[in-house]
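>
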Amino acid sequence: MSPLLWWRDAVIYQVYPRSFADADGDGMGDLRGITSRLDHLVELGVDALWMSPFYPSPQHDAGYDVADYRDVDPRFGTLADFDALVTAAKERGLRVIVDLVPNHTSSDHAWFQEALAAGPGSAARDRYHFRKGLGVDGELPPNGWQSVFGGPAWTRVADGEWYLHLFDTSQPDLNWDLPEVRAMFEDVLRFWLDRGVDGFRVDVAHGLIKESGLPEWTAAQVPITSPGAEHRTPPMWDQDGVHEVYRSWRRILDGYPGDRMMVGEAWVAPAERLARYVRQDEMNQAFNFNYLMAPWTAADQREAIESSLAGVEPVGASCTWVLSNHDVVRHASRLGFAPGYSTQGGIGDDDPQPDEALGLRRARAATMLMLSLPGSAYLYQGEELGLPEHTTLPDDVRQDPTWFRSEHEVRGRDGCRVPIPWEADAPAYGFGPSGKTWLPQPSDWARFAADREREVPGSTLSMYTEALRLRRKHGLGQGTVEWHEAADAIDFRNGPVRVITNFGKVPAPLPPGEVLLASGDLAADGTLPPDTTAWLRA
Ligand code: NOJ
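Numbering-wise (our numbering), the sequence shown opens with residue -1 and increments by one.
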């Protein structure tokens, strides 16, 4: 193994295949499209890309409903396209991470179809969580568990049994107590490792194991579990048994040459609880959603940073940082919302257009703060352009199952999944040759197009590129945080760089020293305006 494992300070760029680049012109992105745009990632200066699912799927949850774990959906291309993508990425020095969805299959998966056909009591049903219902005729669900997307977590099949789905009805939960299920996923890991992937992003990593007996839990779903004296861990999340699964996977990864890794999507709090996923013999990283959700105040941000660093310290893992992904409102919009608007799952009731200028100013400051922290950072496609959420999508184009299962109460995640703009003057802003897009793009996105921003000093794309260059040059990802006390500001030193973010309402003085980069213009008198981050030579 290399002295510094590559992921410990890597910047990893999330590609959402549906919306990155469309080579075949059907309006949905594809693998050849991704390959054609890899140079963008090289110019940006990231270390790796993680691709959300591109496997055969009915796409009821945008591909997080996998019908075949060992192939490519024809919408996205072929296995040969995948191999070509990996080759092209490696030639450019980029690592490749793929998404693994082990908590549930698609209802189109051969196993689920077999389970439906085989009927109650069959071995095929045992691969999932089938139960008899309650009530005189079993007409009531086996328990009150709720789906994360809204509505009951149980659906009844024709013969009267019910199956568990923590997400959409098309996503039946697998029974991870069964050795056969474990063996299947071990094969899937090997399949992609053999094709050269550097790692896996593990979907719903906190969900695989359910408390035995599926005890009652009627509380509405919350994305984070906070075990403590006052309330116990929900029976569907963060069960101790998940860790044995990750230990076995780690043994497989470690058996391959070239430092393969896993990053867990585990909505688990507090940080010490999350740290259990990244013990020495388990996953290598876990997403830090506590950081993503921290309110935009100096105290909250500092608390999130300190608790994150402290959380992983005892287990020797590196911290991760993330501000946007395909499940949350883009941070360029989120940070401009009035307090109280939701971080996840959509926009508030009256769907306001946020204060775009404020959101972008804060987003740029937040990004520079994030990229100055030790550990690894995850970027979501388009954030390097300062893309806002699409907050005014017409309801009739929405596709997120959240929108349907919540009976149109939660607008869902489509607003952060809109195809991204590459060229200001091309149809669909260069997303694909036909001008078609599976979700409509706002009419004023030319100003965010990569080709336009590339020409403009101080554009968000320029800022990201320069921040990544400086981060690498000064080893910020491998550094440590030494705090300076500050009112309404974050102020710390990481190696040769002093980092200051002003969260206050008035400009803050800057200490003497060369300003290496700032997220916005400094005031004429050299002070740091509100909602701005500066990196200085310490
Ligand atoms: C987390 C994924 O990020 C999200 O997009 C998906 O809907 C759920 N897991 C279910 O797979």
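Ideal Cβ placement from N, Cα and C applies to all residues, glycine included.
Check whether the Cβ atoms of H538 and A361 lie closer than 8 Å to each other.
Limits of the chain in this structure are -1 at one end and 536 at the other, which puts residue 538 out of reach.
> Report yes or no: do three or more beta-carbon pairs, one from the stretch 128 to 140 and one from the stretch 77 to 92, lie closer than 8 Å?
The stretch 128 to 140 vs the stretch 77 to 92: no contact.
> Buried or exposed, going by whether 16 or more other CB atoms sit within 10 Å of the CB of T478?
exposed
> Are R6 and S370 touching if we call contact CB-CB under 8 Å?
no
> Would you say D81 and R359 are within 8 Å of each other, going by their C-beta atoms?
In this structure, D81 keeps its C-beta atom at 8 Å or more from the C-beta atom of R359.
> What residue from V266, R274, A181 has the CA that sits closest to L290's CA?
V266
> The alpha helix (DSSP H) that contains N288, what's its start and end?
287 to 290
> Which residue from I32, V313, L356, P100 puts its Cα closest to that of F198?
P100
> What first and last residue would you give for the beta strand (DSSP E) that runs through Q12?
That run of the beta strand (DSSP E) goes 9 to 13.
> DSSP state of V276, grouped into three classes?
helix
> In chain order, what are the residue ranges of uninterrupted beta strand (DSSP E) at least 3 long that sit wholly in the stretch 171 to 213?
197 to 200
> Give me the Cα-Cα distance between A487 and N500, rounded to the nearest whole angstrom.
5 Å
> Relative to the ligand NOJ, is the shortest distance from any of its heavy atoms to the C-beta of F165 smaller than 7 Å?
yes
> With DSSP as the reference, please indicate the residues paired to H102 in a beta bridge.
Note: H102 sits in a beta bridge opposite D171.
> Are there three or more Cβ pairs, one per stretch, closer than 8 Å when the stretch 452 to 470 is compared with the stretch 54 to 61?
no
> Restricting to Cα atoms, I'd like to know which of H324, G433, L3, M260 is closest to I95.
M260
> Tell me the DSSP bridge mates of V495?
Looking at the DSSP assignment, V495 forms a beta bridge with N492, R535.
> Could you check where the beta strand (DSSP E) with S374 kicks off and where it finishes?
374 to 378
> If you drop the 5 nearest sequence neighbours on each side, which residues of the same chain put their C-beta closer than 7 Å to that of V202?
N101, E263
> Report whether the distance from the Cβ of V326 to the nearest heavy atom of the ligand NOJ is below 7 Å.
no
> Which of the three DSSP states, helix, strand or coil, is assigned to E483?
coil
> Looking at the strands, I want to know which residues DSSP matches up with W152.
L162
> To the nearest whole angstrom, what separates the beta carbons of D171 and L164, a pair I think is in contact under 8 Å?
With 8 Å as the limit, D171 and L164 qualify as a contact, their Cβ atoms being about 6 Å apart.
> Decide if the stretch 69 to 76 is in contact with the stretch 175 to 192; the criterion is three or more beta carbon pairs, one per stretch, under 8 Å apart.
By the Cβ criterion, the stretch 69 to 76 is not in contact with the stretch 175 to 192, since fewer than three pairs of Cβ atoms, one from each stretch, lie closer than 8 Å.
> What residue range is occupied by the uninterrupted alpha helix (DSSP H) comprising T400?
399 to 403
> Below 7 Å, is the gap between the Cβ of V99 and the nearest heavy atom of the ligand NOJ?
yes
> Between the Cα of D166 and those of Q397, L520, E421, spot the shortest distance and give me the residue it belongs to.
Q397
> Below 6 Å CB to CB, which residues in the same chain sit around M281 once its five sequence neighbours on both sides are set aside?
Counting only Cβ-Cβ distances below 6 Å, and skipping sequence neighbours, we find Y244, M260, G262, Y275.
> Helix, strand or coil for G518 per DSSP?
coil
> Select from A116, S517, A532, V495 the residue whose C-alpha is nearest the C-alpha of L508.
A532
> Among the candidates W247, D124, Y378, whose CA atom is the shortest distance from the CA of A279?
The amino acid at residue 279 is misidentified as Ala; the sequence shows Asp. Nearest Cα to D279 within the set W247, D124, Y378: W247.
> Given 8 Å as the limit, is there contact between the stretch 379 to 399 and the stretch 112 to 131, that is, 3 or more CB pairs closer than that?
As far as the Cβ criterion goes, the stretch 379 to 399 does not touch the stretch 112 to 131, which means the pair count is below three.
> Between the stretch 8 to 17 and the stretch 42 to 49, are three or more C-beta pairs nearer than 8 Å?
yes
> Is E387 near the ligand NOJ, judged by its Cβ being under 7 Å from some heavy atom?
Within the chosen limit of 7 Å, the ligand NOJ does not reach the beta carbon of E387 with any heavy atom.
> Does G239 pass the burial test, meaning 16 or more other C-beta atoms within 10 Å, or should it be called exposed?
The residue in question, G239, is exposed, as its Cβ has fewer than 16 Cβ neighbours within 10 Å.
> Tell me whether Y62 counts as near the ligand NOJ, meaning its Cβ is closer than 7 Å to at least one heavy atom of that ligand.
yes
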